[in-house]
Structure formats: C-alpha cells, structure tokens
Amino acid sequence: MSYCFDPKKTADLCIEWIRDWFSKNGPDCNAVVGISGGKDSSVVCALCAEALGRERVIGVLMPRGIQEDIDFSHELCRLLGVKKLVINIESAARAIESMLPFEPSRQTLINIPPRIRMTVLYAVSQSYNGRVANTCNLSEDWVGYATRYGDGAGDFAPISRLTVQEVKAVGSYLGLPLNLVEKPPVDGLCGLTDEENLGFSYAELDGYIRQGILPRADIREKIDRLNRLNQFKLRYMDSFDPGIPVFGGAASFPEEK
1 MSYCFDPKKT ADLCIEWIRD WFSKNGPDCN AVVGISGGKD SSVVCALCAE ALGRERVIGV
61 LMPRGIQEDI DFSHELCRLL GVKKLVINIE SAARAIESML PFEPSRQTLI NIPPRIRMTV
121 LYAVSQSYNG RVANTCNLSE DWVGYATRYG DGAGDFAPIS RLTVQEVKAV GSYLGLPLNL
181 VEKPPVDGLC GLTDEENLGF SYAELDGYIR QGILPRADIR EKIDRLNRLN QFKLRYMDSF
241 DPGIPVFGGA ASFPEEK
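Position one of the sequence shown corresponds to residue 1 (our numbering), numbered consecutively onward.
Encoded structure:
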C-alpha cells in the first residue's frame with residue numbers, strides 16, 4: 001500500500017482500544033461475535049481474543065439451514081480457542097416470511113436473515129453478560145453493503161474505519177490462516193460474492209477511498225451514488241427536538257470543578 005499502512009501498529013492500537021472500551025462499558029463483560037467464516041468476523045474475533053483473553057470471547061455461528069462453508073467458522077473458533085455456539089436461524093426466517101400478509105420484495109427476503117442474526121446475537125449477549133461486536137468494515141459501510149439493524153448494528157466496532165485491504169493486512173499480521181483472510185466475501189444469502197453484487201472490486205473501491213485513485217467513470221459514478229444513498233445508515237436515528245429543556249442524567253449537567 002503506497003500510503004504506508006502499518007498492520008502491526010493498527011492492530012496494537014485496536015487491541016488497546018477494545019480493552020479501553022470494555023473497561024468503560026462492561027469491565028467484566030464478554031465480547032459476542034457473529035462468526036461467518038470470512039475475514040471480517042475472523043479479524044474481529046482475533047482482536048477481541050487478544051484484547052480480552054479467549055475466555056471472554058463467544059463466537060456465534062448462525063447458519064440458515066445448511067451452510068456449505070461453515071467449516072471456516074468452526075476452524076476459526078478452534079484456532080482461537082473461543083467458546084462457540086451454533087444457532088440455526090432457518091425456522092425463524094421461514095416463520096417471519098410465512099407470516100407476512102403481502103408478497104415480500106427480493107431485498108426484503110435478503111435482509112430478514114441478518115436482522116434475525118442480530119436478534120440472536122443480542123439474545124446471547126444478554127444471557128452471557130456480553131457486548132455485541134459490529135464486524136462491518138469501512139469499504140462495506142462506504143457503499144451501504146450492510147443491513148441496517150442487521151450486521152450493521154452492534155455495541156462496538158473494531159474495524160469500521162478499516163478498508164477491506166487493511167482488514168486483510170491486520171488478519172495476516174495476527175497470524176490468521178490465508179483461507180480465512182483471503183476467502184472471497186459472500187453474503188451467504190443470495191449466492192453471489194460481495195463484488196458480484198456490487199459490480200466492482202474492493203481493490204478499486206479501497207484505492208478510491210484511501211488514495212483517490214479514480215476507477216472507471218461508470219464505476220466511480222456508481223460508488224459515489226451508493227455512498228450518497230447510504231449516508232442515513234451511518235448516523236444515529238434522526239429525532240425531533242421540541243426545544244424543551246431536559247434535566248437529570250449524567251450528560252445533563254457540566255462536571256463539577
């Protein structure tokens with residue numbers, strides 16, 4: 001990378017950030033990570049294990065029915081020595097789809113499973129004294145390739161400011177196997193890779209984001225359009241402010257000198 005990305009420095013800083021975040025937001029809590037077997041969840045799980053110790057990390061595997069590449073997820077949990085839970089979401093997804101009193105759109109059907117998975121992660125979190133890790137990266141977030149209130153949710157986000165190429169570099173530095181770091185990203189929902197769905201490569205996207213390398217004109221236009229459409233996902237929920245004063249609570253008063 002011509003802009004001199006340092007995976008060791010980044011990993012070390014991220015590990016310290018995770019430790020600090022937990023010290024302030026749950027000193028005795030566990031990290032709950034949804035494990036897909038891809039680079040993002042693998043790197044997040046490895047970072048959490050380094051930061052907190054493997055005994056405080058819970059990997060949650062959530063296939064829908066039969067997941068052909070689930071061995072990657074099992075391999076990661078074995079490698080890191082973290083606690084593993086396998087919860088199949090097939091019946092839950094079918095139940096929701098069958099109860100809808102209308103013909104759901106294709107995108108609706110694609111987004112139901114990730115939202116169920118986030119419900120499962122929070123169920124695990126509340127039962128195991130946990131905090132849920134968001135496993136999205138900057139490249140995905142840039143073009144909206146995450147389901148709102150699905151994989152786009154979470155309590156803390158270790159890699160949301162790292163591009164795909166940077167996540168891979170951190171994974172390699174952490175010693176994760178090549179088959180986990182370089183596994184083509186697949187959403188596991190519609191049978192296509194992320195890049196096939198997007199219509200451009202992450203290398204093109206990352207070069208544009210980090211180095212201003214302009215992709216082909218039609219690809220640049222598509223990236224810019226997706227980024228504009230995605231802005232609502234990247235901010236807190238908009239809320240009406242009636243202008244009425246609020247008193248009480250930790251954030252309501254200046255700190256006493």
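C-beta: ideal position from N, C-alpha, C; glycine also.
Check, Outcome
"Environment of Lys24 [buried if 16+ CB atoms lie within 10 Å]", "exposed"
"Buried or exposed by the 16-neighbour rule on C-beta atoms within 10 Å, applied to Thr193", "exposed"
"Backbone secondary structure at Ile89 - three-state DSSP", "coil"
"Whole-number beta carbon distance between Arg117 and Gly262, since they are thought to touch under 8 Å", "For the chain, the structure presents residues 1 to 257; residue 262 sits outside this window and is missing."
"Range covered by the alpha helix (DSSP H) that runs through Ile70", "Ile70 to Leu80"
"Bridge partner(s) assigned by DSSP for Asn30", "Gly130"
"Opposing strand residues paired with Ile58 [DSSP bridges]", "Val32 and Lys83"
"Close Cβ partners of Ile96 (< 8 Å) along its chain, the five nearest in sequence each way excluded", "Ile112 and Ile116"
"Where the alpha helix (DSSP H) containing Gln211 begins and where it ends", "Tyr202 to Gln211"
"Length-filtered (3 minimum) beta strand (DSSP E) runs lying within the stretch 103 to 159", "130 to 132"
"Anticipated Cβ contact below 8 Å, Asn88 with Val57, distance rounded", "So it is not a contact: roughly 21 Å between Cβ atoms."
"Pairwise C-alpha distance: Tyr145 and Leu214", "20 Å"
"DSSP three-state assignment for Thr193, whether helix, strand or coil", "strand"
"CA-to-CA distance, Glu140 to Tyr3, given in whole angstroms", "20 Å"
"Simplified DSSP assignment, three categories, for Tyr236", "coil"
"Ile223: first and last residue of the uninterrupted alpha helix (DSSP H) it sits in", "Ala217 to Asn230"
"Environment of Lys8 [buried if 16+ CB atoms lie within 10 Å]", "exposed"
"Distance CB(Ala49)-CB(Ile15) smaller than 7 Å", "no"
"Proximity below 7 Å, CB of Gly81 to CB of Pro114", "no"
"Residues near Gly199 by beta carbon distance below 7 Å, same chain, minus five either side", "Lys222"
"Assigned secondary structure, Pro7 (DSSP; H/G/I helix, E/B strand, else coil)", "helix"
"Three-state secondary structure (DSSP) of Asp40", "helix"
"Nearest-angstrom Cα separation, counted from Glu68 out to Leu229", "33 Å"
"CB-CB length for Cys45 against Leu76, believed under 8 Å", "6 Å"
"Where Gln165 falls: helix, strand or coil (DSSP)", "helix"
"Exposed unless 16 or more other CB atoms sit within 10 angstroms - verdict on Ile66", "exposed"
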